[in-house]
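Residue numbers (full-length UniProt numbering): 1 to 217.
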């Protein structure tokens, strides 16, 4: 019986690193193409060209376009979690965090990465394989978002509303709509006015003592 050849072990890590680097390049290229060209024009050939990766290397990492799109959604989800953590850590007190949350959402969801995910979500309406593949990640996103919002509300001293999930869905839909609108006619000033309106709605839904006292108080 021969002892394992220790010289073979180090070769595995560079291969894994090369694979991870190739995946990262392809995901970045896919995000760029989705944001710039839209879903239908984001072909696997176009992504491989943008990433400067051979077609064979691409299919080795992501055999189909659906596989690549699912990897994009997972990557963006993980990155958005970190973005929220970073922005929330500098937002101030618990109540300041709550009432600045629409602006924080806007900072995250207006990025090209998030717009790329919006393209994928819209495309899933007519792609059963993509729609089915998205379900686990979508459930994880909704679960993480729900827990995060509950924590923010409780830290700010507010009781959870029975319609909290519906409110959360409304705010996310509004932000995604504003992000899409910003690609066409929406000016930065108009967009921020709309985000401010969502902050006002939050104050109506979760009034502070100052809100209840009113400007004359």
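Heads up, the beta-carbon is just placed ideally off N, CA and C, and yes, glycines get one too.
Ranked by how close their Cα comes to the Cα of residue 145, the residues 122, 75 and 169 have 169 in first place. In this structure, residue 70 lies near residue 133, with their beta-carbon atoms less than 8 Å apart. When the alpha-carbon of residue 140 is set against those of 77, 24 and 16, the nearest one is in 77.
Taking every protein chain shown into account, the CB of residue 43 has fewer than 16 other CB atoms within 10 angstroms, so this residue is exposed.
In this model, residue 190 and residue 90 are separated by some 25 Å (Cα to Cα). Around the beta carbon of residue 176, a 10 Å sphere encloses 16 or more other beta carbons of the protein chains shown; the residue is thus reported as buried. By the CB criterion at 8 Å, residue 203 and residue 196 fall outside the cutoff. Around the CB of residue 63, fewer than 16 other CB atoms lie within 10 Å, so the residue is classed as exposed. Excluding its 5 nearest sequence neighbours in each direction, residue 108 has C-beta neighbours in its own chain below 8 Å: 80, 83, 84, 87 and 114, listed in chain order.
Ranked by Cα distance from residue 120, the first of 102, 56 and 39 is 39.
Residue 99 sits buried, since 16 or more C-beta atoms from the chains shown fall within 10 Å of its C-beta.
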